[in-house]
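Notes to accompany the following structure.
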Amino acid sequence: MKPFKKVDSIITPLDKVNVDTDQIVPKQFLKLVQKSGFGKFLFYNWRFDEQENKKTDFILNNSNYDGSKILVTGDNFGCGSSREHAVWALQDYGFSVIIAPSFADIFFSNCFKNGILPISLDQKTVEKLQQEKDTIEVDLVKQIIKTSSEEIFFEMDSHKKKILLEGLDDIAQTLQFKDKIAEFEKKSKIPSVL
Amino acid sequence: MSKTLFEKIWDQHVVVEKTTGPSLIYVDRHLVHEVTSPQAFDGLRMNNRKVRRPDLTIATMDHNVPTNDRSLPILDQTSAVQIQTLEKNCRDFGIKLFDIHSPNQGIVHVIGPQLGITLPGSTIVCGDSHTSTHGAFGALAFGIGTSEVEHVLASQTLWLEKPKPFEIRVEGKRKNSHAVTAKDIILSIIKNIGTAGGNGSVIEYRGEGIEDLSMEQRMTICNMSIEAGARAGLIAPDENTYEYLRGRKYTPKNYEQLVEYWAENLKTDSDAKFEKNYTLHIDNISPQVSWGTNPGMTCDVTENIPTPEEYSKGDPNQKKGAENALQYMDLKGGTPITEIKIDRVFIGSCTNARLEDLIEASKVIKGQKISPNVRAMIVPGSQMVKKQAEEMGLDKIFINANFDWREAGCSMCLGMNPDILSPGERCASTSNRNFEGRQGTGGRTHLVSPVMAAAAAIKGHFVDVRDLDLN
Numbered sequence: 053m054k055p056f057k058k059v060d061s062i063i064t065p066l067d068k069v070n071v072d073t074d075q076i077v078p079k080q081f082l083k084l085v086q087k088s089g090f091g092k093f094l095f096y097n098w099r100f101d102e103q104e105n106k107k108t109d110f111i112l113n114n115s116n117y118d119g120s121k122i123l124v125t126g127d128n129f130g131c132g133s134s135r136e137h138a139v140w141a142l143q144d145y146g147f148s149v150i151i152a153p154s155f156a157d158i159f160f161s162n163c164f165k166n167g168i169l170p171i172s173l174d175q176k177t178v179e180k181l182q183q184e185k186d187t188i189e190v191d192l193v194k195q196i197i198k199t200s201s202e203e204i205f206f207e208m209d210s211h212k213k214k215i216l217l218e219g220l221d222d223i224a225q226t227l228q229f230k231d232k233i234a235e236f237e238k239k240s241k242i243p244s245v246l
Numbered sequence: 002m003s004k005t006l007f008e009k010i011w012d013q014h015v016v017v018e019k020t021t022g023p024s025l026i027y028v029d030r031h032l033v034h035e036v037t038s039p040q041a042f043d044g045l046r047m048n049n050r051k052v053r054r055p056d057l058t059i060a061t062m063d064h065n066v067p068t069n070d071r072s073l074p075i076l077d078q079t080s081a082v083q084i085q086t087l088e089k090n091c092r093d094f095g096i097k098l099f100d101i102h103s104p105n106q107g108i109v110h111v112i113g114p115q116l117g118i119t120l121p122g123s124t125i126v127c128g129d130s131h132t133s134t135h136g137a138f139g140a141l142a143f144g145i146g147t148s149e150v151e152h153v154l155a156s157q158t159l160w161l162e163k164p165k166p167f168e169i170r171v172e173g174k175r176k177n178s179h180a181v182t183a184k185d186i187i188l189s190i191i192k193n194i195g196t197a198g199g200n201g202s203v204i205e206y207r208g209e210g211i212e213d214l215s216m217e218q219r220m221t222i223c224n225m226s227i228e229a230g231a232r233a234g235l236i237a238p239d240e241n242t243y244e245y246l247r248g249r250k251y252t253p254k255n256y257e258q259l260v261e262y263w264a265e266n267l268k269t270d271s272d273a274k275f276e277k278n279y280t281l282h283i284d285n286i287s288p289q290v291s292w293g294t295n296p297g298m299t300c301d302v303t304e305n306i307p308t309p310e311e312y313s314k315g316d317p318n319q320k321k322g323a324e325n326a327l328q329y330m331d332l333k334g335g336t337p338i339t340e341i342k343i344d345r346v347f348i349g350s351c352t353n354a355r356l357e358d359l360i361e362a363s364k365v366i367k368g369q370k371i372s373p374n375v376r377a378m379i380v381p382g383s384q385m386v387k388k389q390a391e392e393m394g395l396d397k398i399f400i401n402a403n404f405d406w407r408e409a410g411c412s413m414c415l416g417m418n419p420d421i422l423s424p425g426e427r428c429a430s431t432s433n434r435n436f437e438g439r440q441g442t443g444g445r446t447h448l449v450s451p452v453m454a455a456a457a458a459i460k461g462h463f464v465d466v467r468d469l470d471l472n
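Residue numbers (the numbering used here), protein chains in the order written: chain A, 53 to 246; chain B, 2 to 472.
As structure tokens, then:
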């Protein structure tokens with residue numbers, strides 16, 4: 053995983069609450085067996101009509117936001133299905149920071165496995181950021197968002213911060229504990245299935 | 002120190018604990034399906050890793066399998082590739098697979114309990130958010146992403162932040178337990194606490210209204226915990242739980258010994274503290290029908306669809322959400338629920354496609370014909386459910402009423418296989434999500450119980466199933 057340190061970009065405001073992972077990447081695209089190439093399916097039913105033409109009223113089809121790496125959106129983002137394809141689609145499209153008042157649990161955890169930084173901020177601050185037209189800077193080391201007019205501190209769990217900053221391979225880290233895992237297995241009460 | 006049931010199961014599964022941050026938690030059962038696993042197995046191959054415990058890992062194919070004749074080839078090539086990929090991965094890594102031709106094939110959350118793989122006090126994960134279903138047995142069970150699937154395959158563990166214990170009490174007795182079902186209880190809960198009400202929590206459902214439920218009904222409740230945002234739902238095991246699992250195909254040999262231990266240990270201490278509490282009184286609740294595009298947008302069948310103003314109670318974001326939902330659903334606030342006409346009926350999914358669901362629906366259907374304007378299908382949750390239902394003659398009741406009787410799978414709950422709604426079609430569905438396009442692009446989903454879906458199939462619009470004579 054590529055380490056994450058800092059991102060400079062304009063923001064894309066997606067003014068919706070309870071955006072579920074079915075909207076982020078619809079089910080017809082979950083049949084692929086690889087991780088790459090999901091960006092073209094991002095928000096598919098909002099981006100394209102039945103003839104696969106771009107819907108002009110959807111924010112991602114507004115060229116002003118081309119190249120934006122920061123999505124600023126509403127409460128409970130990423131709810132519903134556990135599909136990690138949603139995170140793969142956001143990342144492949146080019147987003148590396150998602151800012152919202154709150155996130156659904158599984159989506160939040162999936163972000164950190166893929167080098168995406170999800171930031172929770174209070175409703176008022178999110179609404180203000182959605183109006184921001186200039187480039188903003190998101191600095192994970194300092195946990196600060198710099199806009200043209202202010203600096204906003206954001207909370208981040210130190211373990212999760214480290215994973216993103218170092219681009220750590222989670223599994224390699226865990227396998228360092230393989231003796232502890234084996235020890236646990238010896239005393240486990242739950243038998244094998246087969 | 003007093004502990005909740007969740008905290009007891011958690012503590013028994015901690016492999017590594019640090020002063021801050023997540024703990025490393027052991028996984029007793031890992032369920033695998035075709036959609037969220039291919040990239041995980043690829044990751045293992047790239048890093049030259051093995052599956053640590055193939056004996057704790059079970060796979061089936063459910064999400065994109067066709068539900069028509071199983072002797073025919075799968076026409077959708079990408080689905081076929083995904084299914085073949087799971088077959089190859091299970092072969093290469095030594096994992097037991099219930100494939101499309103197995104009599105044990107079915108929706109992963111239906112077959113786990115039916116095969117005795119789900120056990121009280123265990124930790125169960127699967128790359129599917131409805132893994133919460135298994136919590137009905139007093140298991141700590143939750144959905145994970147594909148990276149975590151890979152992590153569990155390689156290490157049989159997961160790093161997890163400890164969720165907060167959330168108590169939901171269900172008190173009282175339903176007046177008509179055939180018409181007001183477990184589905185109506187859980188939809189009422191979600192309507193009241195909201196789709197994010199359970200975020201960061203493990204819900205323990207308690208109280209008389211829960212103890213009265215059968216195991217299959219308890220599964221319906223725990224299944225939809227994720228629709229309230231909770232990581233998992235949990236119900237303390239009791240004699241019903243132990244009886245359900247007795248003598249199943251994979252029930253452990255030392256089962257009675259385990260039951261003794263569970264009966265002693267798997268309960269919340271009387272003075273344990275929950276971080277959140279909510280109580281639902283069910284004496285007077287009605288059958289529920291969702292009208293919007295998330296499961297919290299639900300009302301009683303006797304009510305009118307709320308206007309965005311009524312629904313949002315002054316929250317501008319919720320108001321906008323309701324306006325968008327009504328526009329998508331092509332509905333107007335103020336319309337009586339019973340005036341909503343439907344085109345399709347789907348009885349299926351990990352929420353409501355177990356034997357009891359089919360039995361209850363068949364009582365409504367028996368001797369009737371569905372409305373000529375409706376296409377209706379029944380997709381049993383597993384091949385075992387299908388076989389049991391056929392032995393009882395339920396298939397004939399449904400077929401005689403012009404229902405389509407199909408093979409097991411997730412089917413039109415998420416429409417990854419050919420079972421989908423056409424744009425604009427409106428469906429009474431026993432599934433768990435009414436998100437935009439969930440059952441097919443442009444399709445409109447109303448979540449209901451199996452008996453409400455059956456009643457709607459006959460009438461062609463929603464009706465209060467209590468008004469029908471259910472014998």
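Think of the CB as a built atom: it goes at the ideal place given N, C-alpha and C, for glycine as much as any other residue.
Beta-carbon gap between residue i and residue j smaller than 7 angstroms
| i | j | result |
| --- | --- | --- |
| B/I343 | B/A457 | yes |
| B/F143 | B/A233 | yes |
| B/G173 | B/I283 | yes |
| A/T199 | A/I188 | yes |
| A/L84 | A/V124 | no |
| B/S3 | B/D270 | yes |
| B/T252 | B/G117 | yes |
| A/S172 | A/S161 | no |
| B/I211 | B/V260 | no |
| B/I10 | B/L141 | yes |
| B/Q369 | B/I227 | no |
| B/S363 | B/I398 | yes |
| A/I168 | A/Q195 | no |
Reference residue i; option with closest CA among the options
| i | options | result |
| --- | --- | --- |
| B/W160 | B/V16, B/D301 and B/H131 | B/V16 |
| B/D358 | B/L6, B/A183, B/S24 and B/Q115 | B/A183 |
| B/R427 | B/C411, B/G122, B/V449 and B/K97 | B/V449 |
| B/L415 | A/V69, A/Q75, A/P170 and A/Q183 | A/Q75 |
| A/D231 | B/F167, B/Q157 and B/E162 | B/Q157 |
| B/F404 | B/S423, B/V386 and B/I379 | B/I379 |
| B/Q319 | A/N113, A/G126 and A/V77 | A/G126 |
| B/R467 | B/A402, B/Q289 and B/R434 | B/Q289 |
| B/G136 | B/F7, B/F94 and B/K163 | B/F7 |
| A/F152 | A/G130, A/F164 and A/N114 | The sequence as given places Ala at residue 152 of chain A; Phe does not occur at that position. Checking every option, the nearest Cα to that of A/A152 belongs to A/G130. |
| A/Q225 | B/I190, B/T147, B/H152 and B/A409 | B/H152 |
| A/D191 | A/C163, A/K54, A/D60 and A/M53 | A/D60 |
| B/A155 | A/S148, A/Q228 and A/A156 | A/Q228 |
| A/F93 | A/T108, A/S115 and A/V139 | A/V139 |
Residue interval of the beta strand (DSSP E) (run including residue i)
| i | result |
| --- | --- |
| A/P170 | L169 to S172 |
| B/T280 | K277 to H282 |
| B/M1 | With chain B represented from 2 up to 472, any question about residue 1 of chain B goes unanswered, as that position is not in the structure. |
| B/P166 | K165 to E172 |
| A/L192 | Per DSSP, A/L192 belongs to no beta strand (DSSP E) and is neither H nor E. |
Integer Cβ distance of residue i from residue j, believed to fall under 8 angstroms
| i | j | result |
| --- | --- | --- |
| A/F278 | B/Y27 | Any answer about residue 278 of chain A is impossible in this case: the structure gives chain A only from 53 up to 246. |
| B/K165 | B/K51 | That pair is no contact at about 35 angstroms. |
| B/M417 | A/K79 | 5 angstroms |
| B/D77 | B/E88 | The Cβ separation is near 16 angstroms, so there is no contact. |
| B/H131 | B/N433 | 7 angstroms |
| B/G128 | B/S38 | 6 angstroms |
Assigned exposure category for residue i - 16 Cβ within 10 Å defines buried
| i | result |
| --- | --- |
| B/N472 | Only weak support is given to the placement of B/N472: the predicted model assigns it a pLDDT of 45, under 50, and the value that follows is read from those uncertain coordinates. So B/N472 ends up on the exposed side. |
| A/D209 | exposed |
| A/F205 | exposed |
| B/R46 | exposed |
| B/R345 | buried |
| B/H462 | buried |
| B/P424 | exposed |
| B/S72 | exposed |
| A/S244 | exposed |
| A/G89 | exposed |
| B/H64 | buried |
Start and end residues, alpha helix (DSSP H) containing residue i
| i | result |
| --- | --- |
| B/D43 | P39 to M47 |
| B/P114 | V109 to Q115 |
| A/D231 | K230 to K239 |
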